[in-house]
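To start, the structure itself, in structure tokens.
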């Protein structure tokens, strides 16, 4: 019933990297529809072995999609917008990175409920339906914005050769699986350079704001400044890129929102079960 990111997406992977991303969105929409139908069926007639199997397949899809698809975008798409130095595009990237963080947070909560059902445990079905609605709503809005604004803008900035290289890298990473070779970060040296530069620029803006009007500076901006310092320190120390436990790539959204963490979202969540 459910799509599998490794098997189906790589066997007939589009050569163009943006086609690859569009395919991921279509499959995610299909899986959201499947999840909604499964929950409605379960609430109406209860859980059986077939429903448990189908829910597990949907969960396996999003377990991987939530990480791999976001990594595709943060490695290949968002840098194109950042490079334009257009404030509107830069702000769009920042909003999308925050979306990535919350999508993974929302999915972890929903995934825990699906896995509990698979183990035969009781789950509050009303809460499950609410969590699924929140996750689906954010993901659908996120994908619409990417497809109508972000992808077209990024696609226009690269030629056919770069789009093909992008597609090959994404397909190769799917084949290798989630765990990259030891010591290979989520971003290459050039991408780390632009990330470092953007963080430094934002740090300078916040510092100027504090000097000009320290009284009015908001607590959230003070917190952001501390996070930026942590993130820059992490890059300088060579600690960015790889989960200390499983070796999977860390996302930019995690670097910016939890710069002190050396664990990926999945490993971090396992400590609090």
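Numbering (the working numbering), first residue to last: 5 to 277.
Yeah, the Cβ is synthetic: ideal placement off N, Cα and C, and Gly gets one too.
* When the distance is taken between beta carbons, is residue 108 closer than 8 Å to residue 70? -> Result yes, Cβ atoms of residue 70 and residue 108 sit closer than 8 Å.
* **Span of the alpha helix (DSSP H), counted from its first residue to its last, around residue 141** => Per DSSP, residue 141 belongs to the alpha helix (DSSP H) from 129 to 149.
* Taking the alpha helix (DSSP H) that residue 19 falls in, what are its first and last residues? -> Where residue 19 is concerned, there is no enclosing alpha helix (DSSP H), given that its DSSP letter is neither H nor E.
* Hey, could you find the ends of the alpha helix (DSSP H) residue 76 is sitting in? => The continuous alpha helix (DSSP H) containing residue 76 extends over residues 53 to 80.
* To do: Could you work out which residue in 150, 122, 117, 123 is closest to residue 134 when comparing CA atoms only?
  => From the listed residues 150, 122, 117, 123, the smallest Cα separation to residue 134 is found for 117.
* Selected residue, minimal CA-CA separation from residue 147, among 165, 96, 121, 174 -> Its Cα nearest to that of residue 147, the residue 96 stands out among 165, 96, 121, 174.
* Could you tell me the distance, in whole angstroms, from the CA atom of residue 88 to the CA atom of residue 128? => In a straight line, the C-alpha of residue 88 is about 47 Å away from that of residue 128.
* **the stretch 29 to 41 touching the stretch 61 to 75, judged by at least three CB pairs closer than 8 Å** => Output reads yes: the stretch 61 to 75 touches the stretch 29 to 41.
* Asked: By DSSP, does residue 89 sit in helix, in strand, or in coil?
  -> If DSSP states are grouped into helix, strand and coil, residue 89 belongs with coil.
* To do: Tell me, to the nearest whole angstrom, how far the beta carbon of residue 21 is from that of residue 171; I am working on the premise that it is less than 8 Å.
  => Contact holds; Cβ gap of about 4 Å.
* **Rounded C-alpha distance that separates residue 74 from residue 152** => The straight-line gap from Cα to Cα measures roughly 17 Å.
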